[in-house]
Amino acid sequence: MIFAGIDPGTSSYEIFALDDDKPLDKITISTEEVRKNPNTLLKALKDLNADVIAGLSGYGLPIKKFSELDEEDVFLMTLNKDKNSTMGMRRLIEIAKKENLNIYTIPGVILLPTIPEWRKINRIDMGTADKLCSVCLALYQLSRESPIEKQNFVLVEAGFGFNAFISVKNGEIVDGIGGTSGFPAFSSLGAMDSELAYLLRPFPKSLLFGGGIRSYLNDRGIKIEKIEDLDDYVDLLAEFIVKGISVAEVSLGKADKILVSGKVFDLLDIIKKIEDFGYRVVKLKGFGRAKQSAEGAAIIANGIGNGKFRKIVDHLEIKKAKGSVLDYITSEFREYLDV
580 MIFAGIDPGT SSYEIFALDD DKPLDKITIS TEEVRKNPNT LLKALKDLNA
630 DVIAGLSGYG LPIKKFSELD EEDVFLMTLN KDKNSTMGMR RLIEIAKKEN
680 LNIYTIPGVI LLPTIPEWRK INRIDMGTAD KLCSVCLALY QLSRESPIEK
730 QNFVLVEAGF GFNAFISVKN GEIVDGIGGT SGFPAFSSLG AMDSELAYLL
780 RPFPKSLLFG GGIRSYLNDR GIKIEKIEDL DDYVDLLAEF IVKGISVAEV
830 SLGKADKILV SGKVFDLLDI IKKIEDFGYR VVKLKGFGRA KQSAEGAAII
880 ANGIGNGKFR KIVDHLEIKK AKGSVLDYIT SEFREYLDV
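Residues 580 to 918 (our numbering) are what the sequence shown spells out, left to right.
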């Protein structure tokens, strides 16, 4: 059987395919091309003739076939009420329904039953669906050394936009700090001071993508555009990453290792700074063929199809994910939700 995972990146969509448990193919399509013509992505998937496909899930939903998705599902995956902004996703869903492609959604971290409910209070972003994919890939990588039940680590994903930290104890996800609920990243502010949020009028969703280290330095006359430009100020980003690791570690006790993934670790010398705090750092490599979240999504597709990687998917209780990302908002806030 052929299993495929999709990573919808800011610059490109990447499809990674497995032939049972062996790497088969990688397909890359520019995001601009997909926006102009979603059929290009669907054609690539159709040409693969994959039995099960997983991905394209944003904030995540319990496993559900694309042909069964409705308007509420699209909103819960995107948390965006602007139909123009989500037009691409809607078009992809329409085509997937028409072609009857076996594309399945992937849960976000908050939907997993392995996380105690109190850790979800008034949280939405504990890690998007692609972060769950990366944890699957990490367990695949680490399982070659020791059983997944013995894995205790923090996964750090640090890219252009957001930084996320996922706590894994005995091979299960027990907590997560998503990109919009954690510490400042290269371009985004992470969690926002509640007093600042109160003063903002209006509050467009685009604000979630700004206010990070780049903005801070640019406001002070230091021109920063790319991650590489941060080289002389790497200590700022490293400090926030170590803080995120320290907070995430509380939920699992002492982490045996820190798994790192993302452009930040490829372009900046941050790993040594994490190691200086006594952590053992391991780079997430997976199959080494495609983007980590695409490879992880293929592992989830394999598990959905009862393939060899079903043990990883079952151990993470991905198939038992339920509810929505809005289920843990307390009543004082729920009455003000504009949804």
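Glycine included, each C-beta is placed from N, C-alpha and C at the ideal position.
When the distance is taken between beta carbons, is residue j closer than 8 angstroms to residue i?
{"i": "residue 592", "j": "residue 633", "result": "no"}
{"i": "residue 760", "j": "residue 754", "result": "no"}
{"i": "residue 907", "j": "residue 749", "result": "no"}
{"i": "residue 844", "j": "residue 737", "result": "yes"}
{"i": "residue 594", "j": "residue 880", "result": "no"}
{"i": "residue 587", "j": "residue 674", "result": "no"}
{"i": "residue 875", "j": "residue 584", "result": "yes"}
{"i": "residue 708", "j": "residue 689", "result": "no"}
{"i": "residue 715", "j": "residue 895", "result": "yes"}
{"i": "residue 842", "j": "residue 739", "result": "yes"}
{"i": "residue 613", "j": "residue 681", "result": "no"}
{"i": "residue 703", "j": "residue 900", "result": "no"}
{"i": "residue 751", "j": "residue 657", "result": "no"}
{"i": "residue 756", "j": "residue 823", "result": "yes"}
{"i": "residue 672", "j": "residue 627", "result": "no"}
{"i": "residue 589", "j": "residue 610", "result": "yes"}
{"i": "residue 659", "j": "residue 805", "result": "no"}
{"i": "residue 573", "j": "residue 698", "result": "Because the chain is modelled from 580 through 918, residue 573 falls outside the range shown and cannot be assessed."}
Run through DSSP, which three-state label would residue i get?
{"i": "residue 654", "result": "helix"}
{"i": "residue 734", "result": "strand"}
{"i": "residue 706", "result": "coil"}
{"i": "residue 713", "result": "helix"}
{"i": "residue 919", "result": "This structure cannot speak to residue 919, because the chain is shown only from 580 to 918."}
{"i": "residue 747", "result": "strand"}
{"i": "residue 638", "result": "coil"}
{"i": "residue 683", "result": "strand"}
{"i": "residue 777", "result": "helix"}
{"i": "residue 619", "result": "helix"}
{"i": "residue 904", "result": "coil"}
{"i": "residue 910", "result": "helix"}
{"i": "residue 847", "result": "coil"}
{"i": "residue 724", "result": "coil"}
{"i": "residue 799", "result": "coil"}
{"i": "residue 896", "result": "coil"}
{"i": "residue 663", "result": "coil"}
{"i": "residue 875", "result": "helix"}
{"i": "residue 694", "result": "coil"}
{"i": "residue 804", "result": "coil"}
{"i": "residue 882", "result": "helix"}
{"i": "residue 762", "result": "coil"}
Quickly, what does DSSP pair residue i with across the bridge? List them, please.
{"i": "residue 838", "result": "734, 861"}
{"i": "residue 597", "result": "582, 602"}
{"i": "residue 742", "result": "737"}
{"i": "residue 828", "result": "BP columns for residue 828 are empty, so no partner."}
{"i": "residue 767", "result": "790"}
{"i": "residue 753", "result": "In the DSSP output, where bridge partners are listed per residue, residue 753 has none listed."}
{"i": "residue 631", "result": "582"}
{"i": "residue 607", "result": "593"}
{"i": "residue 644", "result": "683"}
I'd like the list of long-range same chain contacts for residue i, defined as Cβ closer than 6 angstroms, with 5 residues on each side in sequence excluded.
{"i": "residue 764", "result": "741, 742, 791"}
{"i": "residue 838", "result": "717, 732, 734, 861, 863"}
{"i": "residue 646", "result": "676"}
{"i": "residue 650", "result": "none"}
{"i": "residue 605", "result": "595, 868, 869"}
{"i": "residue 607", "result": "591, 593"}
{"i": "residue 893", "result": "none"}
{"i": "residue 721", "result": "730"}
{"i": "residue 871", "result": "713, 716, 840, 863, 865"}
So, at 7 angstroms on beta carbons, what are the nonlocal neighbours of residue i in its own chain, with the 5 sequence-adjacent residues on each side left out?
{"i": "residue 807", "result": "846"}
{"i": "residue 640", "result": "652, 655, 656, 684, 686"}
{"i": "residue 850", "result": "839, 844, 860"}
{"i": "residue 891", "result": "715, 718, 719, 727, 878, 882"}
{"i": "residue 706", "result": "687, 688, 743, 745, 755, 757"}
{"i": "residue 598", "result": "581"}
Give me, in chain order, the residues of the same chain whose beta-carbon lies closer than 8 angstroms to that of residue i; leave out the 5 immediate sequence neighbours on both sides.
{"i": "residue 678", "result": "621, 625"}
{"i": "residue 600", "result": "881, 886, 887, 888"}
{"i": "residue 797", "result": "803"}
{"i": "residue 828", "result": "733, 746, 834"}
Residue i: which of the options sits nearest, CA to CA?
{"i": "residue 918", "options": "757, 653, 590, 648", "result": "653"}
{"i": "residue 904", "options": "816, 687, 672", "result": "687"}
{"i": "residue 719", "options": "902, 866, 899, 911", "result": "866"}
{"i": "residue 814", "options": "785, 883, 853", "result": "853"}
{"i": "residue 767", "options": "799, 811, 819, 723", "result": "819"}
{"i": "residue 799", "options": "667, 787, 812", "result": "812"}
Compare the C-beta of residue i against all C-beta atoms of chain B and say whether one is closer than 8 angstroms.
{"i": "residue 643", "result": "Reference to chain B is not applicable here, since this structure consists of a single protein chain."}
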